[in-house]
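Single-structure report; data block below.
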Amino acid sequence: MSDVARTTEVAAADSPAIVKPKRRVRASKPMIDRYRWFEILGLYAGLLVFLFFVLSPFIEGFMVSLKPLAQLFSTPYSFIPKRASFDAYFQMWQSVPMLGLYIFNSFFISTVVTLIVIAVVVPAAYAFARFQFAGAGLMLGAFLAVNMFSGAVLLIPLFRLMRSMGLLNTYWAMIVPGAAFLIPSSIWLLRTYLIRIPKELDEAAWVDGASRLYTLRRVILPLAMPGIVVVAIMTFIGAYAQQFIFALTFNSKSEFMPLPIGLFAFFGKQEVVWNELMAASFVGVLPVMIVIVFLQRYLVAGLTAGAVKQ
Amino acid sequence: MSQLSLKNLQKSFNEAHIIKGINLEVSEGEFVVFVGPSGCGKSTLLRMIAGLEDVSSGEIVIGGNKVNDLPPVQRGIAMVFQSYALYPHMTVFENIAFPLRVERLPQAEVEQRVNAAAKVLQLESRLQQRPGTLSGGQRQRVAIGRAIVRQPKIFLFDEPLSNLDAALRSEMRIELMELHKRLGSTMIYVTHDQVEAMTMADKIVVLDAGTISQVGSPLELYHRPDNLFVAGFIGSPKMNFISGTVIGSDGSTINVDLGALGTIALPRTTKIGAGQQVTLGIRPEHLRLGKGEFSLSVTPKIVEHLGIHTVTYSTLPAGENFVGLYEGDPKVNESEAHDVGFALSQAHLFDQAGLAIY
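Now the structure itself:
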């Protein structure tokens, strides 16, 4: 009997509850996050314009890669391909047989640069974040100054250096300057991250008998992982982007060419195979995309929550 | 024999002289509390004992060995930090096991010791959680667990309860005292909270600007403060101070002129010259409503009714603040003058240098 009474009670309590949540959801949004319909419309319109501005080269590039070459020079120009096909994506491997190697080279050079940078930057950033030593401020300032020079300004001295060290026309010709220019900014980036990890964690580990290296390995590195991943992504992208200038100057062997230089192979004497060029570019960017998607999973924010009460 | 002794311990950071010569003996099993206002050097002193700060001069001796240059782990101490300093990426089990992992103990022993510690601290059901999912009190217990697995001779606590809310703080206070009883090890505890000091300590060390102001049991400090600083620091509400001038002393009493409040004759065997400035101290809780051996009339500006107590705040003719604490809910009203009195035996007297006169 009482069961029946309870069910009706529950039902009675339920029925207004069905209406209520709808109201509550709207009301639960904080005042600062509430917008009127036209404001939301404006926001999305702005977003659309911005995204189009940023992405239009990629959209056009992709469209070009889908068109047959003849259609590219037709007037009036049609933005949307009339007979879209992925032929260029298959054709390009025949037109430039070494394309696969170029893509591999790009990927390989960037990967090695990233590994070197991480291996150097992690201990350096830890030292700058935790130890007080003579010249620390001066060195950090110098790192910043190095960042103000672009690689292009230093090409000629670098060329002489590479030549005297016998590194020209090797992978190292692209890896060494690539890593060298990316290390300073990475140290700054990671140092800032490490400073935010409470010093008490080091002290607690020290009191418990851990050495500095043990603490670095077991406590600091796991906590710094999001920061290290950011540095790795920045370095990888940076290395991918700056290859062009170093590869152009310090390497003339086609088997070591990275993709940006390799793409010149699509520039024929008579004509440029634009559609295949675009297709090759997109395929070449793919590895970077995959790496970023893969690394992004480690960008877990708030990993330090619960370390100390702030 | 004392387990820890500090001999003329000093510490300077560049020009700043933080610790100005500390001498202290701590015997085995004692619960010692370092208390003092912020900036008095109590945390620095604890960190020096821990081995986190180096010693500028003087000696730290633990168990008969000078440990000035030994790393913390070889001193036989364990420390609990104010911020807990837990490793957020490790489970509670691994957090507690950390010191044992550093020592590379076999897994079976690690498990046995961690489980024993978890049992003492009632953390058994939390062992596989991350610190981030725990409440403040539980985090604090994990931090203590990490300290007890190493079975140190001396525990050091750096304001361990200051991050907890008031209710939890008094709960953890009891837990810590129980832990001290069960383990029987020496504990050194730093706090700025004199209530914590009074309730927990076997021995309180009151620090003031890098020197020891007084060392003693809680009740010694309460009843016989050596100086104005300790008298004002221990006890809540703070002791009332009234300045006066000595009229004369004969080896059994000292007569003090308190200005508009009249004169008071305190039983003291010390002789002190007439005309000296002195300070009379009387604790708010030693005041009684109505006339006493010495009486004065006050007009409360504010009256706080706490049910168990009533606290009045008034100003004396010379401008000093005067607080009264009375049991229960007596009839005292704001802006209405009333008489208060106290027993002469409960009054304190301090000389010009702030030292107690007995």
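Order-wise, the sequence lines are chains A and B.
Just add 10 to wherever you are in the first sequence, counting from 1, and you've got our numbering.
To convert, note that position 261 of the second sequence is 254 in our numbering; the numbers rise steadily by one, no gaps.
In this text, a Cβ means the ideal position worked out from N, Cα and C, and glycines have one as well.
- For B:Gly14, the secondary structure class from DSSP, reduced to helix, strand or coil, is strand.
- Closest in C-alpha terms to A:Met299, from the list A:Phe141, A:Ile243 and A:Gln252, comes A:Ile243.
- Beta bridge pairing from DSSP links B:Gly237 with B:Val271.
- Beta-bridge pairing by DSSP links B:Thr204 to B:Asp201.
- Distance from the Cα of B:Gly268 is smallest, within the candidate group B:Ala90, B:Ile247, B:Arg40 and B:Glu286, for B:Ile247.
- The beta-carbon separation of A:Trp284 and A:Leu79, rounded to 7 Å, stays under the 8 Å limit for a contact.
- The three-state reading of DSSP puts B:Met180 in strand, counting E and B together.
- For B:Ser245, the CB contacts under 7 Å within the same chain, skipping 5 residues up- and downstream, are Pro260 and Thr262 in chain order.
- Closest in alpha carbon position to B:Lys0, among B:Gly29, B:Gly57 and B:Val25, is B:Gly57.
- Under the criterion of beta carbons closer than 8 Å, A:Ser116 and A:Gly294 qualify as touching, at roughly 6 Å.
- Between B:Asp195 and B:Phe24, the C-beta spacing is below 7 Å.
- Rounded to whole angstroms, B:Glu313 and B:Gly237 show a C-alpha spacing of 12 Å.
- Residue state for B:His279 is assigned as helix, using DSSP reduced to three classes.
- Pairing A:Gly248 with A:Gln81, the inter-Cα distance amounts to about 35 Å.
- In summary, the residues of the stretch 20 to 53 of chain B whose CB is separated from some CB of chain A by less than 9 Å are Arg40, Ala43, Gly44 and Leu45, in the order they occur in the chain.
- According to DSSP, B:Lys59 shares a beta bridge with B:Val54.
- About 5 Å separates the CB atoms of A:Tyr250 and A:Ser120; that is less than 8 Å, so the two are in contact.
- Within chain A, not a single residue places a beta-carbon under 9 Å from that of B:Ser128; the smallest gap is close to 11 Å.
- For chain B, the residues of the stretch 190 to 214 of chain A that bring a beta carbon within less than 7 Å of one of its beta carbons are Pro208, Glu210, Leu211, Glu213 and Ala214, in chain order.
- Put simply, the CB of A:Gly219 is near chain B, with a gap under 7 Å to one of its CB atoms.
- Note on geometry: alpha-carbon atoms of A:Pro270 and A:Val217 lie some 53 Å from one another.
- According to the DSSP assignment, B:Val316 belongs to the beta strand (DSSP E) that extends over Asn314 to Glu320.
- The secondary-structure analysis by DSSP pairs B:Ile257 across a beta bridge with B:Val249.
- As for any alpha helix (DSSP H) of minimum length 4 sitting wholly inside the stretch 239 to 296 of chain A, the runs are 269 to 272, ordered along the chain.
- Within its own chain, the residues whose Cβ lies closer than 7 Å to the Cβ of A:Val131, once the five positions on either side in sequence are excluded, are Ile193, Ser196, Ile197, Leu200 and Val241, listed in chain order.
- Legend: CB atoms of the stretch 279 to 305 of chain A lying less than 8 Å from CB atoms of chain B are not found in any residue.
- Closer than 7 Å to the CB of A:Val132 there is not a single CB belonging to chain B.
- In this structure, B:Ile70 sits away from B:Gly34, with a CB-CB distance that is not shorter than 7 Å.
- Straight through space, the alpha carbons of B:Ala78 and A:Ala214 are spaced by roughly 6 Å.
- At least one CB atom of chain A sits nearer than 7 Å to the CB of B:Ala78.
- Against chain B, the CB of A:Val156 has no partner CB under 7 Å away; the residue lies outside that interface.
- Among the bridge pairs identified by DSSP, B:Ser307 is matched with B:Pro293 and B:Phe315.
- With the criterion set as a beta carbon lying under 7 Å from some beta carbon of chain A, the members of the stretch 91 to 119 of chain B are Phe91, Pro92, Val95 and Glu96, in sequence order.
- Of the residues B:Ile181, B:Val28, B:Ala9 and B:Gly125, the one whose Cα lies closest to the Cα of B:Ser20 is B:Ile181.
- Between the alpha carbons of A:Leu231 and A:Phe246 lies a distance of about 20 Å.
- With its beta carbon less than 7 Å from one in chain A, B:Pro65 belongs to the interface.
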